[in-house]
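Visitor:
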Amino acid sequence: MNSFSIPAISGESGYDQIAAALDPAPPSEPAGSRIGRFGDAVISSHFQPIFSLSHRRIVGHEALMRGRGPDGTPISPLELLNRVNGDYPTLLHLDRLARATHLHNFAAQPEADGWLFINMSPEVFLQGPSLQAGQLVSALMQATGLSPRRLVIEVLEEAVQDNSRFIAAVEFFRSLGFLIALDDFGAGHSNFDRVWSIRPEIVKLDRSLIVQAAADPKIRRTLPQIASLLHEAGALVLMEGVETAEEAYIALESDVDFVQGYYFGRPGPRVATDATAGQAVNDLWHDFDARWLRDKRNYHENIAPYFNALGYASVLLSAGRSLEEACASFLQLPNSAFSYLLDAQGQQIGKNIWSADSAPSEDQRFSPLTNTQGARWARRPYFRRAVENFGKVQVTRPYLSISSASLCVTLSCSFKVNGELQVICGDVRWDQR
């Protein structure tokens, strides 16, 4: 046990106990703010802005606990939590006190708008239904004038092992009007099963993802797919921990909905406003437009020779030339891998025709996949798009080829020979790009 004098805990309805531990903040804090007394320490609120990239404005703030000792020395949130020393009633009191402090301080600022993101201890979160948390929530909402719909409860999924209790707690707090945000997704043992089971309104991607994406092109290409999967699961996506201009650009190109981090605004006792913090988002969009045009121009310049060569191959094939002869120009281009022919049902006709400097994967672990004669590629976008756009060359985004076990893009074009529809395809290695 710690040495603090902590008020007795008598159920979640004890708003008077929490209110008694709140004092007016010093004049240096925003007018109307409160501080919470926790033993010999005081806790206060800092708020970090959360931006919507599409709206180009602040849509909420995350409340962060700050502590000070009797002599004014800063106390980190981790140290405050360590003072709990495993005692649940003390943890519950600190969690309640932090929530009340944040709600009062957010509501006291006329500029505060949008959502307020609040962290909850996993242990306290799980106990919400049994503690009748709705009574304290109602008292806090009445005291601060905030609507429950403006509150987003952040929960750490990896800290909760009991899935059934976790789901029950999520449903309980959602029934009170709160939104649920799954925090630190992508760190530790995060998985989509938890996303599917609790259906969070918002998923916060851990900073480790943006750091890895900035260092590894393969991870950077994967990040938009993670965001897309989360969107399809019904969640909005927030990238947290964005600290540099490059990380901000990666977040934007990954199609996440919201961003948070030092690049856009540091935490402070006063909420941020678009007038003071919005320039970072406007600068990001300006950079995005310029880089998108440059990248598009470079991409078209790089892909044009392959585009033209495959289109020429389709013309030769429709005139009755052999696959080897028709694809000779394509296979002479740098980084071309192989060409192959599909019938109207997407079934491969014959074998792959490899370029002189390419060969089937030398990794014998993938040897069962080498022979692709008769394979059916009807599910692949390059086949469907070629059939839907007759005679026009199509090109995919980079993906892992099951035939070569390497990253590639596939160009495809439909044509007719002797009245039958066929599709010529050509793969280009993309590992080094």
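Sequential numbering of the sequence shown, starting at 513, is according to the numbering used here. Virtual Cβ for every residue (Gly too), placed ideally from N, Cα, C.
1) Pull up the CB-CB distance for G753 and I722, whole angstroms please, since I reckon it's below 8 Å.
2) Please work out which residues of its chain come closer than 7 Å, Cβ to Cβ, to V824, disregarding the five sequence neighbours upstream and downstream, and give them in chain order.
3) State the DSSP-derived secondary structure class of D535, mapped to helix, strand or coil.
4) When burial is assigned at 16 or more other CB atoms within 10 Å of the CB, is R608 buried or exposed?
5) Where does the unbroken alpha helix (DSSP H) through Y693 begin, and where does it stop?
6) When you compare each of S766, F697, E744 to A726 by their alpha carbons, which one comes out closest?
7) Any idea if R891 is buried or exposed, counting beta-carbon neighbours within 10 angstroms, 16 or more meaning buried?
8) Taking 7 Å as the threshold (C-beta atoms), are I865 and L835 in contact?
9) Starting from T602 and walking both ways along the alpha helix (DSSP H), at which residues does that stretch end?
10) Straight-line CA distance for P586 to D695?
11) Check whether the region 915-923 and the region 796-805 are in contact - that is, three or more C-beta pairs closer than 8 Å.
12) Would you check if the distance between the CB atom of S557 and the CB atom of N631 is smaller than 7 Å?
13) Please name the residue in L854, F850, V682, P781 whose C-alpha comes closest to that of S867.
14) Could you check the C-alpha separation between N930 and V921 for me, to the nearest Å?
15) For K863, which residues from the same chain have a beta carbon less than 6 Å from its beta carbon, with the 5 sequence-adjacent residues on both sides left out?
16) Under three-state DSSP, which class holds P641?
17) Where does the unbroken beta strand (DSSP E) through V715 begin, and where does it stop?
18) Helix, strand or coil for E666 per DSSP?
19) Give me, in chain order, the residues of the same chain whose beta-carbon lies closer than 8 Å to that of A693; leave out the 5 immediate sequence neighbours on both sides.
20) Do H573 and V771 count as a contact pair if the criterion is CB distance below 7 Å?
21) I need the boundaries of the alpha helix (DSSP H) containing K904, first residue and last residue.
22) Buried or exposed, going by whether 16 or more other CB atoms sit within 10 Å of the CB of R941?
23) At which residues does the beta strand (DSSP E) containing S851 begin and terminate?
24) May I ask you to report which of helix, strand or coil DSSP gives T656?
25) Does any residue of chain C have a CB that is nearer than 7 Å to the CB of L845?
26) Do S918 and the ligand ZN come close, with the Cβ less than 6 Å from some heavy atom?
27) Going by C-alpha to C-alpha distance, which of R662, V649, E758 sits closest to Y774?
28) Determine the DSSP secondary structure at I710, reduced to helix, strand or coil.
29) Taking Q647 as the reference, give the member of I530, A760, N675 with the closest Cα.
30) Who are the Cβ neighbours of P817 in its own chain at under 8 Å, not counting the five residues just before and after it?
31) How many whole angstroms separate the CB atoms of L923 and P910, which I take to be in contact at a CB cut-off of 8 Å?
32) Check for me: the alpha helix (DSSP H) holding W627 runs from which residue to which?
33) Return the CA-CA distance between V827 and Y852, expressed in angstroms with no decimal places.
34) I think G640 touches F684, with their Cβ atoms under 8 Å apart; what is that distance to the nearest whole Å?
35) What residues match up with P561 in a beta bridge as DSSP calls it?
36) Using the Cβ count rule (16 or more neighbours within 10 Å means buried), how would you classify E894?
Guide: According to the structure shown:
1) 6 Å
2) Per the sequence presented here, residue 824 reads as Tyr, with Val not at that position. The beta carbon of Y824 lies closer than 7 Å to those of S841 in the same chain, with the five residues before and after it left out.
3) If DSSP states are grouped into helix, strand and coil, D535 belongs with the strands.
4) Classification for R608: buried.
5) Going by the sequence as given, residue 693 is Ala instead of Tyr. Not the alpha helix (DSSP H): A693 falls in the beta strand (DSSP E), residues 691-697.
6) S766
7) exposed
8) Yes, they are a contact pair.
9) 600-619
10) 26 Å
11) Judged by Cβ distances under 8 Å, the region 915-923 makes no contact with the region 796-805, as fewer than three pairs qualify.
12) no
13) That would be F850, whose Cα lies nearest to the Cα of S867.
14) 29 Å
15) Q885
16) coil
17) 714-717
18) strand
19) F629, V664, I665, E666, V667, P712, E713, I714, V715, K716, L750
20) no
21) K904 -> no alpha helix (DSSP H), and no H or E assigned at all.
22) buried
23) 848-854
24) Per DSSP, reduced to three states, the secondary structure at T656 is helical.
25) Among the chains of the structure shown, chain C does not appear; only one protein chain is present.
26) Because no ligand of any kind appears in the structure shown, any question about the ligand ZN cannot be addressed here.
27) Closest by alpha carbon: E758.
28) helix
29) I530
30) L845
31) That belief does not hold up - the Cβ atoms of L923 and P910 are roughly 13 Å apart, past 8 Å.
32) Here W627 belongs to no alpha helix (DSSP H); instead the beta strand (DSSP E) covers 627-631.
33) 15 Å
34) About 5 Å; that satisfies the 8 Å criterion.
35) H573
36) Residue identity check: residue 894 is Tyr in the sequence provided, not Glu. Buried, by the Cβ-count rule.
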